[in-house]
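Taking it in order: structure first as structure tokens, then the write-up.
2 protein chains.
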Amino acid sequence: MEADVKKMRGRPRIFDQDEALGKAMQIFWNRGYEGASIAELTETLGINKPSLYSAFGNKEELFKKALSKYAAGPVSFVRDVVNEPTARKVAESFLLKAAEFLTEPSHPKGCMIVQAALSSGESADLVKDILINYRNSYENLLAERFEKARLAGDLPENAVAKDLAKYLAILHQGMSVQATSGATKEDLVKVVNIALNVWPK
Amino acid sequence: MEADVKKMRGRPRIFDQDEALGKAMQIFWNRGYEGASIAELTETLGINKPSLYSAFGNKEELFKKALSKYAAGPVSFVRDVVNEPTARKVAESFLLKAAEFLTEPSHPKGCMIVQAALSSGESADLVKDILINYRNSYENLLAERFEKARLAGDLPENAVAKDLAKYLAILHQGMSVQATSGATKEDLVKVVNIALNVWPK
DNA sequence: CTTTTTTTGTAACAATTGGTATATTAATTA
DNA sequence: TAATTAATATACCAATTGTTACAAAAAAAG
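Protein chains in written order, with the numbering used here: chain A, 61 to 261; chain B, 61 to 261.
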């Protein structure tokens, strides 16, 4: 009963909203929040400013929507990784997938959540906090998984899940910086193998 | 023969140039290159624009000078660290001093060289490259030290100095992100202890 | 058709961006 | 004291920032 073909009144939108959001995501991804100008956004999306504002609200709203799309799409692997059977496999999978993702040639290098507003003017303070929350929630996801592993005897009794999670988060964030600076997947994988030596096999 | 007290002609500068540069450094440190506006700079330095421009050139020149001051001052510990007697001690000292420095309450959190222009508009492309070069040179410093250690039998023969150096660089850069996001020195030291487990004692 | 509704294109908005021209002030030199 | 030199303060510059008014255009509904 084709619910999504329901006819809309008024002049039809000339662009695909989700496709445009994808392009906006890419711009924020390699320019950051402040580094991406409305001018560059409208040019790349192929629409003009009023269309952008009526479709997405304002710059901050657009960023939040692009961020949601990013979290649901490109980096959804983080949520899968905790389903690996052992803590060791979780760590291994997380770091290897990160190394691959952060250097993927088909999209901007590095992680949008890590870099889109690290240091910026105060007009980006709110966005900065949003990104910090995202990073913390991913880190907590890992910490909870490791605590479960510890209680199940899959990690040494004296292991601290929270610290192990932060170790992985730090590696991920550092790799993101490296990827943006030209490091290749191979470069990062070598480091991942070193980093995993701290982990009980 | 007081060479530096030589009298200058013309109206004397009302502000201390080096002190002003220190304040500029702090602003770039937590705002980044693009995030720091000329208005904020002149206000904080307590001088007006023509004075700033005549003393430091332009924004980019001012940033470069602030960056030099940063490299010579706050992060000079990196250059000392390679003088530790063993590779293990180099790694240990580097990571512990980084954890402390990145969270020092007396100055901005995180590392200016890591974060001042990670993702930004194209007007910051040149600065971005300069920072990448700085990061690479620090990493190379460590790599050369570790290669020396390997040849001296202080590291396993099959160790790859370059990879070990990148491991430390990644940890440092990740810790910088964490410090900016609220991690404490204690948080980071715990991770450092985990990270050092990969290292032969 | 005409009306209604919504998007489009153009053109503007005030505020801020980095950067300067100009004139005044304050010191040294002659 | 007069001339020279350099830093100051004020005010401005064009360009860009994010955002919006307004009118024309394109669809559906009556």
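All C-beta atoms, glycine included, are put in the ideal place defined by N, C-alpha and C.
Between which two residues does the alpha helix (DSSP H) holding S268 (chain B) run? For chain B, the structure presents residues 61 to 261; residue 268 (chain B) sits outside this window and is missing.
Check whether the segment 101–111 of chain A and the segment 183–195 of chain A touch, using three or more Cβ-Cβ pairs below 8 Å as the test. no
How is M68 (chain B) classed by DSSP in three states: helix, strand or coil? coil
Between which two residues does the alpha helix (DSSP H) containing R91 (chain A) stretch? Q77 to G95
May I ask you to list, following chain order, the residues of the segment 225–238 of chain A that have a beta carbon less than 9 Å from some beta carbon of chain B? K226, Y227, A229, I230, L231, H232, Q233, G234, M235, S236, V237 and Q238
Do you know offhand how far S183 (chain A)'s Cα is from P145 (chain B)'s? 47 Å
Could you check if D247 (chain B) is buried or exposed, using at least 16 other CB atoms within 10 Å of its CB as the buried criterion? buried
Once you ignore the five residues that flank N90 (chain B) on each side, which residues in its own chain have a CB closer than 7 Å to its CB? P168
Rounded to a whole number of angstroms, what is the C-alpha to C-alpha distance between L201 (chain B) and P165 (chain B)? In this structure, the CA atom of L201 (chain B) is about 27 Å from the CA atom of P165 (chain B).
Which bits of chain A does N257 (chain B) rub up against, with CB to CB less than 8 Å? N257 and V258
Within a Cβ cutoff of 7 Å, which residues of the same chain sit near S236 (chain A), ignoring the five residues on either side of it in sequence? L162, G170, C171, V174 and Q175
Among A:T102, A:A255 and A:P134, the one whose alpha carbon lies nearest that of K119 (chain A): A:T102
Would R73 (chain A) pass as an interface residue toward chain B - the criterion being a Cβ-Cβ separation below 8 Å? no
For the segment 176–196 of chain A, enumerate the residues whose C-beta is nearer than 7 Å to any C-beta of chain B, in chain order. A176, L178, S179, S180, G181, I192 and R195
What does the Cβ neighbour count give for G92 (chain A), buried or exposed, with the cut at 16 atoms within 10 Å? buried
Nearest-angstrom Cα separation, counted from L127 (chain A) out to A84 (chain A): 10 Å
Less than 8 Å between the beta carbons of A147 (chain A) and D214 (chain A), yes or no? yes
So, is the C-beta of T240 (chain A) closer than 8 Å to a C-beta in chain B? yes
Put I173 (chain A) into one of helix, strand or coil per three-state DSSP. Here I173 (chain A) sits in helix by DSSP.
Three-state secondary structure assigned by DSSP to D140 (chain B): helix
Tell me, please, whether the CB atom of R91 (chain B) is closer than 8 Å to any CB atom in chain A? R91 (chain B) counts as touching chain A.
Between the segment 206–227 of chain A and chain B, which residues of the former have a C-beta closer than 9 Å to a C-beta of the latter? V220, K222, D223, L224, K226 and Y227
Find the residues of chain A that neighbour E94 (chain B), judging by a C-beta separation of less than 7 Å, and give them in chain order. E94 and G95
Going by beta carbon distance, what residues of the same chain come within less than 7 Å of G181 (chain B), once the five residues before and after it are set aside? E94
Kindly list, in the order they appear in chain A, the residues whose Cβ is closer than 9 Å to that of K261 (chain B). In chain order: nothing, as chain A lies at least about 13 Å away.
Partners in chain B for I254 (chain A), counting only beta-carbon separations shorter than 9 Å: V220, D223, L224, K226, Y227 and V258
Cβ contact check for the segment 226–235 of chain A and the segment 239–257 of chain B: 3 or more pairs under 8 Å: yes
Please determine, among A:I192, A:L191 and A:A219, the residue with the shortest C-alpha to C-alpha distance to A203 (chain A). Taking the Cα of A203 (chain A) as reference, the smallest distance to any Cα among A:I192, A:L191 and A:A219 is reached at A:A219.
Any idea if R205 (chain A) is buried or exposed, counting beta-carbon neighbours within 10 angstroms, 16 or more meaning buried? Classification of R205 (chain A): buried, given that the 10 Å Cβ count is 16 or more.
Could you tell me whether the Cβ of K129 (chain A) comes closer than 8 Å to any Cβ of chain B? no
Chain A contacts from the segment 101–118 of chain B (Cβ-Cβ distance under 9 Å): none
Test item: CB-CB of V29 (chain B) and K125 (chain B) under 8 Å: Summary: the structure shown does not reach residue 29 (chain B), with chain B confined to residues 61 through 261, and so no result is reported for it.
Measure the beta-carbon distance from R195 (chain A) to A159 (chain A) and round it to whole angstroms, keeping in mind my assumption that it falls under 8 Å. No, R195 (chain A) and A159 (chain A) are not in contact; Cβ-Cβ is about 18 Å, not under 8 Å.
Can you give the beta carbon distance from E199 (chain B) to A225 (chain B), rounded, assuming they're within the 8 Å contact cut? 5 Å
Outcome for F137 (chain B) when other beta-carbon atoms lying within 10 angstroms are tallied against a minimum of 16: When all chains shown are included, F137 (chain B) counts as exposed.
In chain order, what residues of the same chain have a beta carbon less than 6 Å from the beta carbon of A255 (chain B), not counting five sequence neighbours either side? L231
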